[in-house]
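Asker: Questions regarding the structure given below will be posed in turn.
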Amino acid sequence: MRCHPPTMLGMAGTPSGGGGGGADLTAPTAPAAVSLASSATSLGSTSLGSWSASVSVAATCEGSNGSTPTVTVTGSGAGPYSVSIASGLSAGVSYVVRAVGTGGDGQVAGVALLVRVAPAMGWV
Numbered sequence: 002m003r004c005h006p007p008t009m010l011g012m013a014g015t016p017s018g019g020g021g022g023g024a025d026l027t028a029p030t031a032p033a034a035v036s037l038a039s040s041a042t043s044l045g046s047t048s049l050g051s052w053s054a055s056v057s058v059a060a061t062c063e064g065s066n067g068s069t070p071t072v073t074v075t076g077s078g079a080g081p082y083s084v085s086i087a088s089g090l091s092a093g094v095s096y097v098v099r100a101v102g103t104g105g106d107g108q109v110a111g112v113a114l115l116v117r118v119a120p121a122m123g124w125v
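Last residue of the sequence shown? That's 125 in this note's numbering, and every number before it is there in order.
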């Protein structure tokens, strides 16, 4: 499986849900990709930003090797929200962390964070 850099179009798309004519829910601007040293097995608290309204946020992570490390989300209301991964990252693997916020009216908007772990350097 290849991980492709996330795009806001692919994540945010069109808000869905039964909004009663209210403003569309928007996600934070996609944060810059994070590059980690090959020895990294975790991602410290990394800010995603704030949504345009109060949301509940769920996040997932998938690696280019098919792994799915557990993501912890912190934040409340409209945010700001941040994500962290306690363990499970591997050298030479790219990860996409997807965070989806769901508003009280059912609208959904998401944002993605690309995390790259440098490959391990071998002996020449």
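Beta carbons: idealized from backbone N, C-alpha and C, even for Gly. Model, not experiment: these values are computed from the prediction.
Candidates D106, L26 and V97: which alpha carbon is nearest T61's?
Answerer: Among D106, L26 and V97, the Cα nearest to that of T61 is on V97.
Asker: Ignoring anything shorter than 3 residues or poking outside the segment 57-87, list the beta strand (DSSP E) runs there in chain order.
Answerer: As far as the segment 57-87 is concerned, its whole beta strand (DSSP E) runs of at least 3 residues are 73-75 and 82-86.
Asker: Rounded to whole angstroms, how far is the Cβ of G45 from the Cβ of S85, which I believe are closer than 8 Å?
Answerer: Rounded, the Cβ-Cβ distance is 6 Å, consistent with contact.
Asker: Report yes if the C-beta distance between L90 and V118 is below 9 Å; otherwise report no.
Answerer: Contact flag set, yes.
Asker: Hey, could you find the ends of the beta strand (DSSP E) G50 is sitting in?
Answerer: Looking at the DSSP string, the run of the beta strand (DSSP E) that includes G50 is L44 to G50.
Asker: Would you say W52 and G107 are within 9 Å of each other, going by their C-beta atoms?
Answerer: No, the Cβ-Cβ distance between W52 and G107 is not below 9 Å.
Asker: Is the Cβ-Cβ distance between G105 and S36 less than 9 Å?
Answerer: Not closer than 9 Å, so no.
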